[in-house]
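Enquirer:
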Amino acid sequence: MAKKPVAGKRKGVAAAGKRKGVAVGKRKGVKVDGVGQLHVHSSFNNIIVTIANSEGQVISWSSAGKMGFRGSKKNTPYAAQVAAQDCAKVAFDLGLRKVKAFVKGPGNGRESAIRTVHGAGIEVVEIVDVTPLPHNGCRPPKRRRV
Numbered sequence: 000m001a002k003k004p005v006a007g008k009r010k011g012v013a014a015a016g017k018r019k020g021v022a023v024g025k026r027k028g029v030k031v032d033g034v035g036q037l038h039v040h041s042s043f044n045n046i047i048v049t050i051a052n053s054e055g056q057v058i059s060w061s062s063a064g065k066m067g068f069r070g071s072k073k074n075t076p077y078a079a080q081v082a083a084q085d086c087a088k089v090a091f092d093l094g095l096r097k098v099k100a101f102v103k104g105p106g107n108g109r110e111s112a113i114r115t116v117h118g119a120g121i122e123v124v125e126i127v128d129v130t131p132l133p134h135n136g137c138r139p140p141k142r143r144r145v
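FYI, in numbering that gives the first Met the number 0 the residues of the sequence shown are 0 to 145.
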């Protein structure tokens, strides 16, 4: 009789590489309404575009790195355009027609991603900037001298 795999010695580590409390396998189908949310996270290194339904469940996502861009090319308006096009096409095919856009981060390509989603046939109803601003928290990294 084969022995069961033994969990690690640390508390909370499950056996056979599975995490505790995480569902294994694909999720049930996500319900797509006519209205959803567009999240554009634009950092200095990458751009991540996510489209969710009105409840916040992810319908489709894409990023500049996923689309094949590497290095400094990931943070360009063109990379944001390609990522947004890929993400919007899937959501449009599932029946999404209107989104409320939430933009976060200081990077390039924020407007480009929103413009591309609008061009793909999804109407952008509202644009909200949700970039977190510190009330004098952590010291920022030093400025580059080129």
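Backbone N, C-alpha and C define an ideal beta-carbon position, used for all residues, glycine too.
The alpha helix (DSSP H) that contains G118, what's its start and end?
Expert: Taking the sequence shown and counting its residues from 1, the one referred to as residue 118 is at position 119. Looking at the DSSP string, the run of the alpha helix (DSSP H) that includes G118 is R109 to G118.
Enquirer: Give every residue of the same chain whose Cβ lies closer than 6 Å to the Cβ of V102, excluding the five residues on either side of it in the sequence, and list them in chain order.
Expert: Within the sequence shown, residue 102 is the residue found at index 103, counting from 1. Once the five neighbours on either side are set aside, the close Cβ partners of V102 are V39, R109 and D128.
Enquirer: Specify, as a first and last residue, the run of the beta strand (DSSP E) that A100 falls within.
Expert: Here residue 100 is taken as the residue at index 101 of the sequence shown, counted from 1. K97 to K103 is the span of the beta strand (DSSP E), which, as asked, contains A100.
Enquirer: Buried or exposed for V81, please, with buried defined as at least 16 other CB atoms from any protein chain shown within 10 angstroms of its CB.
Expert: Within the sequence shown, numbered from 1, the residue matching residue 81 stands at position 82. Under this definition V81 is a buried residue.
Enquirer: Counting only runs of 3+ residues fully inside the stretch 38-93, write out the beta strand (DSSP E) ranges in chain order.
Expert: 46-52 and 57-62
Enquirer: Looking only at its chain, what residues have a beta carbon closer than 6 Å to the beta carbon of S61, apart from the 5 residues adjacent to it on each side?
Expert: For the purposes of this step, residue 61 is taken as residue 62 along the sequence shown, with counting starting at 1. Only V48, A82, D85 and C86 meet the Cβ criterion.
Enquirer: Determine whether the beta carbon atoms of S59 and G104 lie at a separation below 9 Å.
Expert: For the purposes of this step, residue 59 is taken as the residue at position 60 of the sequence shown. For the purposes of this step, residue 104 is taken as the residue at position 105 of the sequence shown. Not closer than 9 Å, so no.
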